[in-house]
Amino acid sequence: MRGVIRAEPETGTDHLEETLGQALHLLESAVRHHRRATLACVTADLPVEGEAVAGWVARLVLRAEQDVIWSLPEVASEEHAKLTAQTLAQLVDKGVRVRLLCPQAVIRGARWQRTVGELGPRVEVRVSSAVRQELVVVDGAAVIAPDAAPGEPGGSRASMIQNSTVADMLYGLLCGMWDAAQRPTRPLSFEGGARGRVLREVLTLMAEGYKDDAAARKLGLSVRTYRRYVADIMRDLGVESRFQAGVRAVRAGLMEPYPD
Numbered sequence: 107m108r109g110v111i112r113a114e115p116e117t118g119t120d121h122l123e124e125t126l127g128q129a130l131h132l133l134e135s136a137v138r139h140h141r142r143a144t145l146a147c148v149t150a151d152l153p154v155e156g157e158a159v160a161g162w163v164a165r166l167v168l169r170a171e172q173d174v175i176w177s178l179p180e181v182a183s184e185e186h187a188k189l190t191a192q193t194l195a196q197l198v199d200k201g202v203r204v205r206l207l208c209p210q211a212v213i214r215g216a217r218w219q220r221t222v223g224e225l226g227p228r229v230e231v232r233v234s235s236a237v238r239q240e241l242v243v244v245d246g247a248a249v250i251a252p253d254a255a256p257g258e259p260g261g262s263r264a265s266m267i268q269n270s271t272v273a274d275m276l277y278g279l280l281c282g283m284w285d286a287a288q289r290p291t292r293p294l295s296f297e298g299g300a301r302g303r304v305l306r307e308v309l310t311l312m313a314e315g316y317k318d319d320a321a322a323r324k325l326g327l328s329v330r331t332y333r334r335y336v337a338d339i340m341r342d343l344g345v346e347s348r349f350q351a352g353v354r355a356v357r358a359g360l361m362e363p364y365p366d
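Count along the sequence shown starting at 1, add 106, and that's the number in this note's numbering.
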């Protein structure tokens, strides 16, 4: 009899991440209100569109000397992905610590894998579903905020906000989100190609509760080869049981179609 493995939510971590996300959303709203109201704060606006904004943001981020924490909800294009990867590479080359917060869908995307993903462990990455708007805090003192809030028209400018109160609050919230976020669990073996496709099929059959001999027949493999794939999956996911492998795979989004 087959049964589907379902992941039990990690309620404590999820609640903390949700609370931090709500707090961040409120503060982002305050930042946008501040931008429109032109309060007494050092703010620089760039009234241009598209990739020019991304390039301007990159130049500001590269001023960092010690620490960058960056919430990145999407990579909008191949050019955006390449520019982000180049910026991150230059930061780590000069010894800056880089922490990147992204939704799971971003790091599973093909654009990410071809660009930022190539940097490997040089850039610290964690997964958070609470990331909604791009924000960068540079050396804990300056906030770079592209105007690209979901559902809001525009996105044609970015601001550098050097108000210490705003910077401290955003830095604290992003660090809190970082502590609550999960490390990405997308093993190299699942990146694609013929082997990747077989591993995903094996993982699906494991989650559905197939016995080894039945699963092997369904995939046209020998039982020995099927079990070797199972062992590879468990090793790559860092788990000790098939049940744990199914739970980890569901939470990591490994059983969903890969975005382009």
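Glycine included, each C-beta is placed from N, C-alpha and C at the ideal position.
Mapping the DSSP letters down to three states, classify residue i as helix, strand or coil.
{"i": "Glu314", "result": "coil"}
{"i": "Ala170", "result": "coil"}
{"i": "Leu241", "result": "strand"}
{"i": "Val148", "result": "Reliability of the predicted coordinates at Val148 is poor, the pLDDT of 42 falling under 50, and the value obtained from them is presented with this limitation in mind. Coil at Val148, not helix or strand."}
{"i": "Pro227", "result": "helix"}
{"i": "Ala236", "result": "coil"}
{"i": "Val202", "result": "coil"}
{"i": "Gln268", "result": "coil"}
{"i": "Val212", "result": "helix"}
{"i": "Val345", "result": "coil"}
{"i": "Gly246", "result": "coil"}
{"i": "Ala300", "result": "helix"}
{"i": "Leu92", "result": "A question about residue 92 goes unanswered here, because the residues of the chain that appear run from 107 up to 366."}
{"i": "Thr190", "result": "helix"}
{"i": "Ala321", "result": "helix"}
{"i": "Ala164", "result": "helix"}
{"i": "Ala195", "result": "helix"}
{"i": "Ala182", "result": "coil"}
Could you give the distance in angstroms between the alpha-carbon of residue i and the alpha-carbon of residue j?
{"i": "Ala247", "j": "Ala355", "result": "38 Å"}
{"i": "Ile175", "j": "Arg323", "result": "48 Å"}
{"i": "Leu197", "j": "Met283", "result": "22 Å"}
{"i": "Ala143", "j": "Leu241", "result": "Because Ala143 carries a pLDDT of 45, less than 50, the predicted location of this residue cannot be relied on, and the following value inherits that uncertainty. Approximately 19 Å between the Cα atoms of the pair."}
{"i": "Arg232", "j": "Cys281", "result": "11 Å"}
{"i": "Val167", "j": "Ser347", "result": "43 Å"}
{"i": "Val159", "j": "Pro290", "result": "28 Å"}
{"i": "Ile339", "j": "Met266", "result": "44 Å"}
{"i": "Val163", "j": "Leu178", "result": "12 Å"}
{"i": "Asp342", "j": "Val229", "result": "20 Å"}
{"i": "Tyr335", "j": "Leu305", "result": "7 Å"}
{"i": "Pro252", "j": "Gln210", "result": "21 Å"}
{"i": "Arg220", "j": "His186", "result": "12 Å"}
{"i": "Leu279", "j": "Gln192", "result": "26 Å"}
{"i": "Ala286", "j": "Arg165", "result": "29 Å"}
{"i": "Val212", "j": "Tyr316", "result": "31 Å"}
{"i": "Asp151", "j": "Ile250", "result": "Interpretation of Asp151 is limited by its pLDDT of 48, a score under 50 that renders its predicted location unreliable; the figure taken from the coordinates is listed afterwards. The straight-line gap from Cα to Cα measures roughly 10 Å."}
{"i": "Ala313", "j": "Arg303", "result": "15 Å"}
Measuring CB to CB, does residue i end up less than 8 Å from residue j?
{"i": "Arg169", "j": "Val222", "result": "no"}
{"i": "Val345", "j": "Ala337", "result": "no"}
{"i": "Gly161", "j": "Leu207", "result": "no"}
{"i": "Leu194", "j": "Val204", "result": "yes"}
{"i": "Arg214", "j": "Glu184", "result": "no"}
{"i": "Asp318", "j": "Arg301", "result": "no"}
{"i": "Val202", "j": "Glu171", "result": "yes"}
If you measure from the beta carbon of residue i to each beta carbon in chain D, is any gap under 8 Å?
{"i": "Ile213", "result": "In the structure shown, chain D does not exist; there is a single protein chain."}
Under the DSSP definition of a beta bridge, which residues are partnered with residue i?
{"i": "Leu207", "result": "Ser177, Arg232"}
{"i": "Pro252", "result": "Ala264"}
{"i": "Gln288", "result": "Val233"}
So does residue i have its beta carbon nearer than 7 Å to some heavy atom of the ligand SAM?
{"i": "Thr190", "result": "As far as ligands go, the structure on display features none, and thus does not contain the ligand SAM."}
Quick check: the stretch 272 to 282 against the stretch 320 to 336, are at least 3 beta-carbon pairs closer than 8 Å? no
Specify whether the stretch 226 to 243 and the stretch 306 to 322 touch according to this definition: at least 3 beta carbon pairs, one from each stretch, less than 8 Å apart. no
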